[in-house]
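Working notes for the structure below.
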Amino acid sequence: MYLLSSLSNSRDEMQRQFFFCSMFLSRKVLETVFDEVIMVDVLDSGDSAHLTLMKRPELGITLTKLHCWSLTQYSKCVFMDADTLVLSNIDDLFEREELSAAPDPGWPDCFNSGVFVYQPSIETYNQLLHLASEQGSFDGGDQGLLNTYFSGWATTDITKHLPFVYNLSSLSIYSYLPAFKAFGKNAKVVHFLGRTKPWNYTYNPQTKSVKCESQDPIVSHPEFLNLWWDTFTTNVLPLLQHHGLVKDAGSYLMMEHVTGALSDLSFGEAPPASQPSLSSEERKERWEQGQADYMGADSFDNIKRKLDTYLQ
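Reminder that position 273 of the sequence shown reads as 253 in the numbering used here, one-by-one numbering, no gaps.
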């Protein structure tokens, strides 16, 4: 998102950047970057999203993403997954209509939901929740649900098909290398699809390159991985240090990803010493200050296990 900010030409009150997050990320840090930070919690008791989740608990992450349609203070938005990286200006996406998205490389008659243009609407939001409750998702996630709801995308209006360069799958770089060599220079957004994300790699700040297994096909062209890490170490890491979330850039760093996958961000050799345990009151105070220990005791997995004990 730092790249998105620096590459945008029309940052004003009419076009703002907001970040959707759950309670597992530090709001204080996010507010230094985004115009607006919106906390979402699908487990709000009594609301329709909560009732849907009780019926289909496997759609928890999906329902969190659907909250974007409730932002009716905006006339049009562009949704971007957390594992996307903006490479050049994409302000022109706001000239597109709902639902505009790029084809999914695995099944091109479906769109990939990592980047899409939409119009906030409470009516659409409620219809999506109803669909999730009654039919669920054919792939278990938001992409299947959204493709079912916007089922005419493949055939109705070609103008709603974004060029692939607006959502370039990192997996496609090696699966169709000739096309990448011919058109990759025009890429506007790269999407790090798959289980291995940029933050799962080890990064050498001296050589400014990722280290990984030689058989990993993604690193045959590691320029996007290196760019992600360069952006992180230049812009994000200093913020984490400033807010006390990272003590030493030369140490072994662990970060809790919002989806619950614990990731190792490695800058050196030795891991940091374990932190002393906090009392319940101390943990509560840190939560209220926006300093949740999402790397340890307050990780997504731990909180999910606690919630599961109440929902069983």
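The beta carbon of each residue, even a glycine, is placed where N, CA and C say it ideally should be.
For residue i, report the span of its beta strand (DSSP E) as first-last.
| i | result |
| --- | --- |
| Y154 | Counting along the chain, Y154 falls outside any beta strand (DSSP E), though it belongs to the alpha helix (DSSP H) covering 150 to 155. |
| N184 | 182 to 184 |
Whose C-alpha, out of the options, is nearest the C-alpha of residue i?
| i | options | result |
| --- | --- | --- |
| N180 | A162, W208, Q107 | W208 |
| H47 | N127, L109, L65, S55 | L109 |
| T52 | S101, V66, K140 | S101 |
| W49 | Q99, V66, L10, D72 | Q99 |
| G116 | L10, S131, T32, N215 | T32 |
| F144 | K45, E77, A81 | A81 |
| K45 | K35, R36, D61, Y54 | D61 |
| G120 | E103, E77, I41, T214 | I41 |
| I138 | R36, N206, P83 | P83 |
| K56 | R36, S68, E78 | E78 |
| H171 | T213, S189, D63, G86 | D63 |
| N184 | R175, H201, F212 | F212 |
| L111 | F96, N127, P218 | N127 |
| L73 | V66, T176, V97, T182 | V97 |
| S68 | G174, K188, G164 | G164 |
DSSP puts residue i in a beta bridge; with which residues?
| i | result |
| --- | --- |
| A81 | F96, H141 |
| S189 | N184 |
| F204 | Looking at the DSSP assignment, F204 forms no beta bridge with any residue, so it has no partner. |
| F212 | In the DSSP output, where bridge partners are listed per residue, F212 has none listed. |
| F91 | P83 |
For residue i, name the three-state secondary structure that DSSP assigns.
| i | result |
| --- | --- |
| L173 | coil |
| F59 | strand |
| I70 | coil |
| E114 | helix |
| E293 | This structure cannot speak to residue 293, because the chain is shown only from -19 to 292. |
| N147 | coil |
| L245 | Below a pLDDT of 50, predicted positions are generally treated as unreliable, and L245, at 44, falls in that range; the measurement from the model is reported next regardless. Looking at L245 - three-state DSSP - the assignment turns out to be strand. |
| T64 | strand |
| P178 | helix |
| T104 | helix |
| K45 | helix |
| T32 | helix |
| A159 | helix |
Taking its Cβ as the centre, do 16 or more other Cβ atoms sit within 10 Å of residue i, making it buried, or is it exposed?
| i | result |
| --- | --- |
| N166 | exposed |
| S93 | buried |
| F4 | Residue placement at F4 is poorly supported in this model, since its pLDDT is 49, which falls under 50; the coordinates are not used for a value here. |
| K161 | exposed |
| L245 | Low per-residue confidence applies at L245: pLDDT is 44, beneath 50, and the placement is therefore not dependable, though the value from the model is reported in the following sentence. Answer is buried; the Cβ neighbour count reaches 16. |
| K168 | buried |
| A159 | exposed |
| D89 | exposed |
| K35 | exposed |
What residue range is occupied by the uninterrupted alpha helix (DSSP H) comprising residue i?
| i | result |
| --- | --- |
| E16 | Where E16 is concerned, there is no enclosing alpha helix (DSSP H), although the beta strand (DSSP E) it sits in stretches over 16 to 19. |
| H222 | 217 to 222 |
| L51 | Here L51 belongs to no alpha helix (DSSP H), and DSSP marks it neither H nor E. |
| N166 | Segment: none, N166 is in no alpha helix (DSSP H) and carries neither H nor E. |
| G124 | 122 to 129 |
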